[in-house]
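First comes the structure, then the notes that go with it.
Number of protein chains: 2
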Amino acid sequence: MKLKEVGEFGLIDLIKHNAIVDPADVVVGIGDDAAVYVPAVGRYELLTTDMLVENVHFDLAKTTAWQLGYKAVAVNLSDIAAMGGQPRHAVVSIGLPPHLEVDDVVELYNGMKEICREFRVNIIGGDTVSSPGGLVINIGVVGAVEPEKLLRRSGARPGDLVVVTGTLGDSACGLDLLFRQGWEEFGFAWPLVSAHLTPRPQMAVGPTLAAFGATSADDISDGLASEAHELARASGVSLRLYADKIPLSAEVVQAAAMLGKKPLDYALFGGEDYQLVFTIGAEDFDRLPNGPVLFTAVGEVLGGQGVLLVDAADASTELEPRGYNHFR
Amino acid sequence: MKLKEVGEFGLIDLIKHNAIVDPADVVVGIGDDAAVYVPAVGRYELLTTDMLVENVHFDLAKTTAWQLGYKAVAVNLSDIAAMGGQPRHAVVSIGLPPHLEVDDVVELYNGMKEICREFRVNIIGGDTVSSPGGLVINIGVVGAVEPEKLLRRSGARPGDLVVVTGTLGDSACGLDLLFRQGWEEFGFAWPLVSAHLTPRPQMAVGPTLAAFGATSADDISDGLASEAHELARASGVSLRLYADKIPLSAEVVQAAAMLGKKPLDYALFGGEDYQLVFTIGAEDFDRLPNGPVLFTAVGEVLGGQGVLLVDAADASTELEPRGYNHFR
Chain A
48 MKLKEVGEFG
58 LIDLIKHNAI
68 VDPADVVVGI
78 GDDAAVYVPA
88 VGRYELLTTD
98 MLVENVHFDL
108 AKTTAWQLGY
118 KAVAVNLSDI
128 AAMGGQPRHA
138 VVSIGLPPHL
148 EVDDVVELYN
158 GMKEICREFR
168 VNIIGGDTVS
178 SPGGLVINIG
188 VVGAVEPEKL
198 LRRSGARPGD
208 LVVVTGTLGD
218 SACGLDLLFR
228 QGWEEFGFAW
238 PLVSAHLTPR
248 PQMAVGPTLA
258 AFGATSADDI
268 SDGLASEAHE
278 LARASGVSLR
288 LYADKIPLSA
298 EVVQAAAMLG
308 KKPLDYALFG
318 GEDYQLVFTI
328 GAEDFDRLPN
338 GPVLFTAVGE
348 VLGGQGVLLV
358 DAADASTELE
368 PRGYNHFR
Chain B
48 MKLKEVGEFG
58 LIDLIKHNAI
68 VDPADVVVGI
78 GDDAAVYVPA
88 VGRYELLTTD
98 MLVENVHFDL
108 AKTTAWQLGY
118 KAVAVNLSDI
128 AAMGGQPRHA
138 VVSIGLPPHL
148 EVDDVVELYN
158 GMKEICREFR
168 VNIIGGDTVS
178 SPGGLVINIG
188 VVGAVEPEKL
198 LRRSGARPGD
208 LVVVTGTLGD
218 SACGLDLLFR
228 QGWEEFGFAW
238 PLVSAHLTPR
248 PQMAVGPTLA
258 AFGATSADDI
268 SDGLASEAHE
278 LARASGVSLR
288 LYADKIPLSA
298 EVVQAAAMLG
308 KKPLDYALFG
318 GEDYQLVFTI
328 GAEDFDRLPN
338 GPVLFTAVGE
348 VLGGQGVLLV
358 DAADASTELE
368 PRGYNHFR
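So the protein lines, in turn, are chains A and B. 375 is the number that our numbering gives the last residue of the first sequence; the numbers go up by one with no jumps. 375 is the number that our numbering gives the last residue of the second sequence; the numbers go up by one with no jumps.
Laid out in structure tokens, this is it:
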């Protein structure tokens, strides 16, 4: 069935069920001029938004609608985690090409609802419009953070360690694999492709970091190089990163060899990992829990400005902030 | 200068100044993973979002970038007013065709900042991406409302009057005029075209209505017919509207005559007026202030369902909910 057969209001009826997973503070959800909720007493409100555009952020030949919906929410939740907060509510704006199948739109929302259910986020509103130029998804997420748990990009102090969660580069390598015929035959390719199509944001980690002593944080959406520059600039410090400390998965090493690429380039310049990078004193780092999340110290904070990369032969080079840059 | 010459981060530097007009409750504005603000104690939070797509919602040959920015914010503020609330903060996502001039993007933000300054709304974040399929603007606005001032679509009671603010149909008539060669020669055309390109939402009225006894409200974005059906359906009532009571400006009557159209059709089915429609008891209606905003009782609330239109000859017909419907 095509969108033009159900119309705008018919579509809204199809997608609005199961949108609320935690009704406690929702006063008005989907279906009025604005959504209404009760803010958490004594907490700050967080607000983030991300727009995903067809053929810029995604290719409908390489992702299912369900995966796309999941990811569109994930990238916003990751921003909330990077501030030390917990997501509460989402609004979804969607620009739909009229030729799209209704089933695909329902699957897109099913992907959103799955990750929202997992992290107890309510979909409380949105906008549904036509878009002749291709599919566009914009999600806004509000969250809450206790003031003492708030993490900004600007708190890094000389002497801190630079720490990342998980492994880096998997998502960018997975994207490369998706454009290679027959990638499905390689077992090691699946976790990389999954990291790209359905990234899992570090929602459990973000809200704990300030209490462990983290001084600044950012999520890794544009590659470690770009995010390291953001942290350095916002904090008025420089960072020194060690190439051989950057955590790479066994899969990215295998896949990069097959693709004739350097795995470290995926980690530094690839982006879309949705891991966290943060700074923390060395003693506080030692108190971070062992598992289930991998924490790796990849460098240190110094005075000055910029980001240096130290290679295995102990040679230092300025690390360029290149990563994805729209309009270039 | 083209966007590709300044890049994503250069553009953000060009637009982020003067984004905060009321810093009192802003903890973190543009430039981190998420914006952070302090919610108002004892109030509900409101959240609304609207997406505007090139060649669906606007035509860059008929609007300046400044006007488009102003309107993109206005349509969101109108939703906050319709809930009885006051807007506080906005986030702006924008998908930009790479061939766009940087000056046009700066003007787009200048239009947004003008209406934000006027209504004391801070731009605290957003997302800036490329969009090969045309310009897309998505704005999210958070506001606050005292619980006792909250107005929903669902509170209309049989016996209430149906009331609208201002005059209706001006915007849709202005849109028709924009496509007619030489409209600039007609003095009466200017206020209609302005109503279409830079609508002024009823921000002062919305927050006062509940205290005057209004029982439900909606903003008129899709034409009175469509909104009347929304109110009737949400409240479980029917509405009876009187055609000759619907307030029309002298300009819309003149312009419609020239265009060979019925002015009432613009009011009922045209949309984008961003006036308010609300229901209120007859005695409470009499207590509404005389000016500066025009309040007109256009009908009454009855039991049952649907919307009837009574014409000048006292004949009743079912009023169709037609208005703009995406995907049709």
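Glycine residues also receive a C-beta, built at the ideal position from the N, C-alpha and C atoms.
In terms of beta-carbon proximity, Arg200/B lines the interface with chain A, with at least one pair separated by less than 8 Å. Per the C-alpha coordinates, the member of Glu232/A, Val210/A and Gly187/A positioned closest to Leu335/A is Val210/A. CA-to-CA, the gap between Ala329/B and Leu197/B works out to about 20 Å. Sequence-distant Cβ neighbours of Phe259/B in its own chain, meaning closer than 8 Å and more than five residues away, are Ile327, Asp331, Arg334 and Leu335. The beta carbon of Glu92/A falls within 8 Å of a beta carbon belonging to chain B, placing the residue at that interface. A direct Cα-to-Cα measurement between Met250/B and Thr95/B gives close to 15 Å. Check the Cα spacing between Asn65/A and each of Val183/A, Asp223/A, Val168/A and Leu341/A: the tightest is with Val168/A. About 7 Å separates the Cβ atoms of Ile77/A and Ile171/A, confirming a contact at the 8 Å cut-off. Here the C-alpha atom of Gly318/A lies approximately 7 Å from the C-alpha atom of Gly370/A. Secondary structure note for Phe166/A: it is in no alpha helix (DSSP H), with a DSSP letter that is neither H nor E. The contact set of Val152/B on chain A, defined by CB atoms closer than 7 Å, is empty, because the minimum CB distance reaches about 10 Å. Residue burial annotation: Leu341/A is exposed, with fewer than 16 other C-beta atoms found within 10 angstroms of its C-beta.
Assigned with DSSP and collapsed to three states, Gln133/B falls in strand. Distance from the CA of Ile59/B to the CA of Gln301/A, rounded to the nearest whole angstrom, comes to 38 Å.
For Gly346/A, the uninterrupted beta strand (DSSP E) segment begins and ends at Phe342 to Leu349. Close partners of Ile62/B in chain A (Cβ separation under 8 Å) are lacking, with about 13 Å as the shortest Cβ gap. Think of a sphere of 8 Å around the beta carbon of Val211/A: no beta carbon from chain B falls inside it, the nearest being about 15 Å out. Lys309/A counts as exposed, since fewer than 16 other beta carbons sit within 10 angstroms of its beta carbon.
Cβ contact annotation for Ala203/B (same chain, cutoff 7 Å, sequence separation greater than five): Thr262, Ser263, Leu278, Ser282, Val284, Thr326 and Val348, in chain order. Per DSSP, the beta-bridge partners of Leu323/A are Asp266/A.
At a cut-off of 8 Å between beta-carbon atoms, Ala257/B makes no contact with chain A. The region 138-155 of chain A makes contact with the region 178-187 of chain A: 3 or more CB pairs, one atom from each, lie closer than 8 Å. Under the Cβ criterion of 8 Å, His136/B is counted among the residues facing chain A. Under the Cβ criterion of 8 Å, Gly116/B is not counted among the residues facing chain A.
Just measuring C-alpha positions, the residue of Thr343/B, Tyr289/B, Val68/B and Leu239/B sitting nearest Ala360/B is Tyr289/B.
Counting C-beta pairs with one atom in each stretch, the region 83-98 of chain A and the region 99-115 of chain B have fewer than three that are closer than 8 Å, which means they do not touch.
In this structure, Leu256/A sits away from Ala314/A, with a CB-CB distance that is not shorter than 8 Å. For Arg227/A, the closest of Ala108/A, Ser178/A, Glu55/A and Ala82/A by C-alpha to C-alpha distance is Ala108/A. From the listed residues Ala297/B, Thr343/B, Val299/B and Leu286/B, the smallest Cα separation to Leu356/B is found for Leu286/B. Looking at the backbone, the Cα of Trp230/A and that of Ala236/A are separated by about 7 Å.
For Glu55/A, the CB contacts under 7 Å within the same chain, skipping 5 residues up- and downstream, are Thr175 in chain order. Residue pairing of Glu365/B in beta bridges, as defined by DSSP: Leu355/B. What Tyr84/A touches in chain B, judged by beta-carbon distance under 8 Å, is Tyr91, Glu92 and Leu94, going in chain order.
By the neighbour-count criterion, in which a residue is buried when 16 or more other Cβ atoms sit within 10 angstroms of its Cβ, Asn123/A is buried. With contacts defined as CB atoms closer than 8 Å, Gly253/B and Ala121/B fail to qualify as a contacting pair.
Neighbours of Asn185/A in chain B, taken as residues whose beta carbon is under 7 Å from its own, are Met98, Ser140 and Asn185 in chain order.
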